[in-house]
Structure formats: structure tokens, C-alpha cells
Amino acid sequence: MMNSRMSQDIHTPNGKAENIHLTPAQRLHFDVYGYVLLENVLTSDEVERMKQALYRLKAEPDLDAHRVYVNKRGEHMFHVGHVVEYDQALLEYASHPRLTPLVKEIVGGAIRLEESEAIINRRDPQLIPATDAYRRTLPTGFHTGTRHGWGTYMSNQHFHCLFVKTLAYLTNVGPDDGGTAVIPGSHRLGWKERDIIDAALSDESLIYQVEAKAGSVLLFAESLVHSTTAVRSDRERVVLISGYTPPMMREWPGNEISPDFVATLPADIRPLISGSDSWHWRHDDA
Ligand SMILES: O=C(O)CCC(=O)C(=O)O
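Reminder that position 181 of the sequence shown reads as 181 in this note's numbering, one-by-one numbering, no gaps.
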């Protein structure tokens, strides 16, 4: 698809947080397609520290002792949530100064962390033979976290969404390595979600599967129909995901931040991680 190549460095004049914005081209891409791939966001050191933390978490014998929740813990798929309290590197991702200003731009005001999840997945030889050439892309479950109309709005001619994610690729993701599948443009459709999915599955040119270098981040609206993609290669994929909303919205169940952890946070990121601003929303247009 024409939109598939949109990936750019973040625009960081002076490197100051208040100066970090999507470029007009990135914003146009986001408004039209519902996502944009940002390259070279995380340094190789950050990628390594985040990956090491996640592999250490995966190896923990008792995950309950670490306040995380487990969506899947199989041989080929480890999907875990509320990782932000587990390791400093994961907290740094959730509060990343090169990413949170961009999320604020899409939400349209102050934000809070709504969830922090990670996936380590590899090919399941039972389900995906290495030679499977049947489909170009293998989405495992298209979904949205909010819908256009009640979870989105337009302001100053720009698209905004009240639920936005940043998904960091911590491994290189080529065409067979399970890059996130999206249905470009679906973030602004009032159709029934099932009808969008069925239509796109009947013509795969309507699905875009991300390819990215480690350290790249997919910024997307949760009103965009998207899915994990089954890995076809023998490479393992590691992704780290943060979700954000305005502060008066709730965290995803299981992502409640413990008061003990809040007490350890520096004051400048406490409202972001805890949602303490609540209904005192600093909306950009107010
Ligand atoms: O695994 C992926 O690439 C997508 C994750 C996802 O669907 C989500 O975070 O909502």
C-alpha cells in the first residue's frame, strides 16, 4: 500500500520535550491512516535494557509475586501486563520523553498511563508451517480498544483519540517476523468492527503489516483495527506496549498502580503513571 513506507525520525529541535512534535508529514499520515511508525526512537542501550528486563520477567518462577498479569504463557507466546512496576527500564519506556509529547498531541491534552504490556512470541510450528505461503499476513485477532465517534474527536481540523498506544519493537521485524497488522483508515470508520475486519480479510491489500528496526515505535489510535501477527520465521519477536488516555479515564483492569510504587516516583512523572490529575484535565483547546 502507498502508506506502508511512512517511517521517520521524531522531530526534536533542541531536544527539549516541549519542542517534540510530529512533523506535518507524520501528522498527515496519522490523521489519514490512524498510525505512524517512528524510527530511531530508542537507543540500542535502551532496547537492550528493556529486552533484558522482559526476558528476566519471563523467566520468573512466580509472576504473581511481581504484580504483573499474564494473558498467555505458552512455549510460543508470552503476553504479560502491568510491567511498568517491574523494572526501571520499563518505567522509562512508559514515561519516555520522546514519546509522551507525541501521545499528548494525539489525545489532545494531558495523559495518563492506562496499561503497560509486553509480548515475546515466536513461530508455533503446530499452527504455522515454515513454508505456509497461503496468506500474505497472519493476523491472530483484529480488535480495537475504542471506537470512532465516542472514543475520537476532531479539533482544529485534526483527528484525536482518547486511547492511544506506543508499541516499541525491541527486535528487528521483517515481513515474516510478526509485525503488527493494521487496517489503515479504520480509525475513522463508523462501520461495525466485524464488517471492517471481514472486508479487509477478503482483500489483503487492505491490511498493512509493519516492518521495523529494533528501536522503532508504532504510534497508533486504539480506534484503528489492529492485530498481533503470527510469526512465520524462526526469529523471536519482542514488543513493549504502553497505552494512554486522558487522566479521567481508568486504567485497564490489572494495571492499577500500587500506592507503594507511586510513592517512589519522581514528582514530574507521578501524574502520568498514576492518573492522579483525574478530572482536572488540561485539554489543549481549553
Ligand atoms: O502484538 C502486536 O503487534 C499488537 C499488540 C496489540 O494488538 C495491542 O497492544 O493492542
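Idealized CB from N, CA, C, for every residue including glycine.
Comparing alpha-carbon positions, which option in the options lies nearest residue i?
i, options, result
"Glu-115", "Leu-240, Val-107, Ala-267", "Leu-240"
"Ser-95", "Gly-81, Arg-27, Arg-112", "Arg-112"
"Glu-39", "Arg-270, Val-173, Pro-246, Val-164", "Val-173"
"Leu-28", "His-158, Phe-261, Ser-233", "His-158"
"Pro-101", "Arg-56, Thr-264, Pro-253, Thr-245", "Thr-245"
"Glu-251", "Pro-266, Pro-271, Arg-122", "Pro-271"
"Leu-219", "Val-107, Thr-137, Arg-237", "Val-107"
"Gly-81", "Gln-88, Arg-67, Gly-74, Glu-75", "Arg-67"
"Arg-232", "Gly-178, Gly-254, Leu-189, Ile-197", "Gly-178"
"Glu-236", "Ala-199, Pro-247, Leu-224, Tyr-169", "Tyr-169"
"Gln-88", "Lys-51, Pro-259, Asp-31, Asp-124", "Lys-51"
"Thr-264", "Glu-117, Val-84, Gln-126, Phe-30", "Val-84"
"Glu-117", "Lys-104, Tyr-69, Pro-247", "Tyr-69"
"Lys-213", "Pro-253, Pro-175, Asn-19, Asp-124", "Pro-175"
"Gly-215", "Asp-260, Gln-126, Leu-37, His-143", "Leu-37"
"Pro-125", "His-160, Tyr-153, Gly-74", "Gly-74"
So does residue i have its beta carbon nearer than 6 angstroms to some heavy atom of ligand 1?
i, result
"Thr-228", "yes"
"Ile-119", "yes"
"Thr-140", "no"
"Thr-180", "yes"
"Ile-311", "Given a span of 1 to 286 for the chain in the structure shown, any question on residue 311 remains unanswerable."
Going along the chain, which residues of its own chain have a beta-carbon closer than 8 angstroms to the beta-carbon of residue i, five neighbours each way excluded?
i, result
"Thr-140", "Ser-227, Thr-228, Thr-229, Ala-230"
"Pro-24", "none"
"Ala-267", "none"
"Arg-332", "One cannot answer for residue 332 here, as it falls past the ends of the chain, which runs 1 to 286."
"Asn-71", "His-79, Val-80, Gly-81, Glu-117"
"Arg-123", "His-76, Ala-130, Ala-230, Val-231, Arg-232, Ser-233, Asp-234"
Excluding the 5 residues preceding and the 5 following residue i in the sequence, name in chain order all residues of the same chain whose CB lies nearer than 6 angstroms to its CB.
i, result
"His-283", "Gly-109"
"Phe-78", "Lys-58, Ile-120"
"Asp-285", "Ser-155"
"Ser-274", "Ile-257, Val-262"
"Gly-145", "Phe-163, Glu-222"
"Lys-104", "Ile-111"
"Ala-200", "Ile-183, Leu-206, Ile-207"
Spatial neighbours of residue i within its chain, please: CB distance less than 7 angstroms, with the 5 preceding and 5 following residues excluded, ordered by chain position.
i, result
"Leu-99", "Val-41, Thr-166, Val-217"
"Thr-137", "Ala-181, Glu-204, Ile-207, Gln-209, Thr-229"
"Val-238", "Lys-51, Leu-54, Ile-120, Leu-170, Thr-171"
"Leu-189", "His-148, Ile-196"
"Asp-198", "none"
Exercise. Determine contact between the region 45-65 and the region 200-210, defined as no fewer than three beta-carbon pairs at a distance below 8 angstroms.
Key: no
Quiz item: Pairing CB atoms from the region 43-57 with CB atoms from the region 74-94, are three or more of them under 8 angstroms?
Solution: yes
Practice problem: State whether the region 275-282 contacts the region 142-153, with contact taken as three or more CB pairs (one from each stretch) at a distance under 8 angstroms. | Solution: no
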